[in-house]
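Visitor:
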Amino acid sequence: MSETTIFEKIIAREIPANIIYEDDLCICFKDIAPTAPIHLLLVPKKRIVRIGEASPDDQVTLGHLMLMAQEIARREGFHENGFRIVINNGPDGGEAVPHLHLHLLAGKKLSWPHC
Ligand code: 5GP
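In terms of numbering that gives the first Met the number 0, the numbers along the sequence shown are unbroken and rise by one, the last being 114.
Next comes the structure, spelled out in structure tokens:
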């Protein structure tokens, strides 16, 4: 596994972020360069490098992330209008940070397909 990522530094409070939710398994903060009116990152505290490298041991964490995406959408007021969850995986997937994260995108009618 490569060196410490920016997300581990945010989790450790070594660098600042606009954190909107945190529990034992995950943290959610605003993306520094939003691509939608609402653009949050939901990150497991355990460093799973990417979804393509997750293991059966990560099942609880992965399920928790999906349910917390729903819960955060409710808390932040974009559940009703709808939202998109994106996971970029590897070079062709557009992954920049090798620490699994869900992009939560909302706040406008998002275009599709995305390619
Ligand atoms: P990826 O391309 O890996 O799926 O997404 C990485 C995301 O992390 C990008 O949307 C980028 O804007 C965001 N990001 C990178 N560095 C920082 C940072 O220091 N703080 C925050 N809040 N977001 C970051």
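Backbone N, C-alpha and C define an ideal beta-carbon position, used for all residues, glycine too.
Using a Cβ-Cβ cut-off of 9 Å, state whether Leu41 counts as contacting chain C.
Guide: Within the model displayed, chain C is absent; a lone protein chain is all it includes.
Visitor: Under 8 Å from any heavy atom of the ligand 5GP, does the C-beta of Asn80 make it?
Guide: The answer is no for Asn80.
Visitor: DSSP puts Leu66 in a beta bridge; with which residues?
Guide: Partner(s): none; Leu66 has no beta bridge.
Visitor: Considering only the alpha carbon of each residue, which of Leu104, Trp111 and Pro112 lies closest to Ala35?
Guide: For the residues Leu104, Trp111 and Pro112, the minimum Cα distance to Ala35 belongs to Leu104.
Visitor: Name the DSSP beta bridge partners of Ile14, please?
Guide: The partner list for Ile14 (beta bridge, DSSP) is empty, contrary to what the question assumes.
Visitor: Which whole-angstrom value is the C-beta distance of Leu64 and Pro43, which I expect to be below 8 Å?
Guide: Leu64 to Pro43, Cβ: 6 Å. Contact.
Visitor: Judging by CA-CA distance, which residue of His78, Gly51, Leu41 and Glu94 is the nearest neighbour of Ala16?
Guide: Ranking His78, Gly51, Leu41 and Glu94 by Cα distance to Ala16 puts Leu41 first.
Visitor: Which residues end up in the neighbourhood of the ligand 5GP when you take C-beta atoms closer than 5 Å to any of its heavy atoms?
Guide: For the ligand 5GP, the selected residues are Ile5, Ala16, Asp30, Ile31, Ala32, Asn87, Glu94, Ala95 and Val96.
Visitor: Specify, as a first and last residue, the run of the alpha helix (DSSP H) that Pro90 falls within.
Guide: From DSSP, the alpha helix (DSSP H) with Pro90 extends over Gly89 to Gly92.
Visitor: Leaving aside the five residues before and after Val85 along the sequence, list all residues of the same chain whose C-beta is less than 6 Å from its C-beta, in chain order.
Guide: Taken in chain order, the residues that qualify are His102.
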